[in-house]
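Chemist: Its first residue numbered 3, the sequence shown is counted upward by one per residue in the numbering used here.
Would you mind keeping the following structure in view while I ask a few things?
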Amino acid sequence: MRLLQLIAQHGGLAKAAGAGGLSHATLFRRLRALEQKLDLRLFERLRGGYVATRAGAELVELSRRMGRELHVVTESLRGRQAWPGGLLRFSAADTWMQALLPPLLASYQARHQVQLQVRSGNALLDVQQGETDVALRSGGPPPESLVGRRLARVEATVYASRKLGGVSAETLDLQPWVGVDEDLAHLASARWLEGQGLGRQVAVRTNSLTHVRQLVRAGMGLAALPCYLGDADPELRRVFDPPRDWRSELWLLTRVELRQVPRVKRLFEHLYEGTRGLLPLIEGRSPQPDKR
3 MRLLQLIAQH GGLAKAAGAG GLSHATLFRR LRALEQKLDL RLFERLRGGY VATRAGAELV
63 ELSRRMGREL HVVTESLRGR QAWPGGLLRF SAADTWMQAL LPPLLASYQA RHQVQLQVRS
123 GNALLDVQQG ETDVALRSGG PPPESLVGRR LARVEATVYA SRKLGGVSAE TLDLQPWVGV
183 DEDLAHLASA RWLEGQGLGR QVAVRTNSLT HVRQLVRAGM GLAALPCYLG DADPELRRVF
243 DPPRDWRSEL WLLTRVELRQ VPRVKRLFEH LYEGTRGLLP LIEGRSPQPD KR
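Next up, the structure:
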């Protein structure tokens with residue numbers, strides 16, 4: 003596997019051999035022996051260097067994934083004495099890390115002596131490919147390759163700054179908007195905005211709902227936000243009630259082989275219990291009263 007990565011990285015045997023501390027002849031023999039054993043051509047020998055075939059590219063990617071997994075396991079073993087609960091890699095959208103998740107993660111870490119590695123992200127791919135152990139995601143039921151636990155229903159609606167006057171459901175086409183870019187175009191609220199022909203009113207687009215909230219607070223325009231962000235902000239007010247078809251579900255997800263690992267099971271239980279008191283906010287049932 004290391005041999006394949008060296009050749010793919012350096013594009014030729016001479017540089018790969020030098021980087022790996024081998025002779026050119028030794029590296030050539032090992033590559034030939036591997037191709038003969040697999041009965042596959044792994045690299046095309048072109049004038050510009052060695053280029054991986056389709057089979058070779060798949061093996062190179064596999065070797066990289068194995069290397070990442072080995073690194074994680076090795077670091078976990080090294081840290082076991084300091085962190086008896088082991089290492090747990092967790093990912094969630096940055097909006098959840100604004101206020102709701104940090105206290106829950108802090109109490110989980112302190113109770114179970116787990117070392118947490120927290121990253122921001124929305125894609126399922128990082129869980130499926132083994133880059134993350136547990137992920138918090140909004141959407142529908144998980145794919146067959148993952149197992150999950152539903153935590154809540156997530157509601158969203160349109161918000162405006164309390165500084166912005168003359169805003170109502172009847173004047174949406176007269177207002178500037180803060181929108182999202184292609185990274186968040188899958189959101190039901192984003193599709194609604196374009197479907198209503200309001201895309202031409204968008205003054206700024208961003209790939210972060212945290213940025214959207216800050217821009218709305220500054221009075222730049224209206225925007226669709228999840229209720230747990232909008233209702234928690236005293237500077238914002240709802241323009242109308244959450245539309246039913248904007249609803250999504252909040253899931254904790256992990257891979258099948260990890261579901262019985264103690265630190266994963268405990269995190270699932272801890273976050274499920276910890277979010278029970280947050281349901282009114284997440285599900286849009288505790289809007290702030292208008293300021294007088």
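Note that CB positions come from ideal geometry on N, CA and C, so glycine has one too.
Computed from a predicted model, the values in this text were never measured in an experiment.
(1) For E172, is the classification buried or exposed, using 16 other Cβ atoms within 10 angstroms of its Cβ as the cut-off for buried?
(2) Beta-carbon within less than 8 Å of V241's beta-carbon, same chain only, minus the 5 sequence neighbours each way: which residues are those?
(3) Residues in its own chain within less than 7 Å of L118 by CB, not counting five upstream and five downstream?
(4) Give me whichever residues DSSP pairs with E46 in a beta bridge.
(5) Buried or exposed: where does G181 fall if 16 or more other Cβ atoms within 10 Å of its Cβ makes it buried?
(6) Around the C-beta of P144, are 16 or more other C-beta atoms found within 10 angstroms, so that it is buried, or is it exposed?
(7) Using CA coordinates, which residue listed in Y230, G167 and A54 is at the minimum distance from R155?
(8) Report the rounded CA-to-CA distance for R2 versus G58, giving the unit in angstroms.
(9) Looking at L280: is its Cβ nearer than 8 Å to the Cβ of R164?
(10) Please return the same chain residues whose Cβ sits closer than 6 Å to the Cβ of R152, not counting the five positions on each side in sequence.
(11) With a 10 Å radius around its C-beta and 16 neighbouring C-beta atoms as the bar for buried, classify F30 as buried or exposed.
(12) For A137 and L48, I'd like the C-alpha separation in whole angstroms.
(13) So, for W248: in the same chain, excluding its five sequence neighbours on each side, which residues have a beta-carbon less than 6 Å away from its beta-carbon?
(14) Is S109 buried or exposed, if buried means 16 or more other CB atoms sit within 10 Å of its CB?
(15) R70 and E146: beta carbons closer than 8 Å?
(16) Using the Cα positions of I9 and G20, report the straight-line distance between them to the nearest angstrom.
(17) The alpha helix (DSSP H) with S288 in it runs from where to where?
Modeler: This is what the structure gives:
(1) exposed
(2) T159, V160, Y161, A162, V169, S170, A171, L174 and L224
(3) L90, F92, L107 and Q111
(4) V53
(5) G181 counts as buried, since at least 16 other C-beta atoms from the protein chains shown sit within 10 angstroms of its C-beta.
(6) buried
(7) Y230
(8) Here the chain comprises residues numbered 3 to 294, so residue 2 is not present and cannot be evaluated.
(9) No, the pair does not count as a contact, with Cβ atoms beyond the cut-off.
(10) Same-chain partners within the cutoff: E251 and W253.
(11) Exposed, since its Cβ has fewer than 16 Cβ neighbours within 10 Å.
(12) 43 Å
(13) A158, A190 and S191
(14) exposed
(15) The beta carbons of R70 and E146 sit no closer together than 8 Å.
(16) Those two C-alpha atoms are separated by around 11 Å.
(17) Careful: S288 lies outside any alpha helix (DSSP H) and carries neither H nor E.
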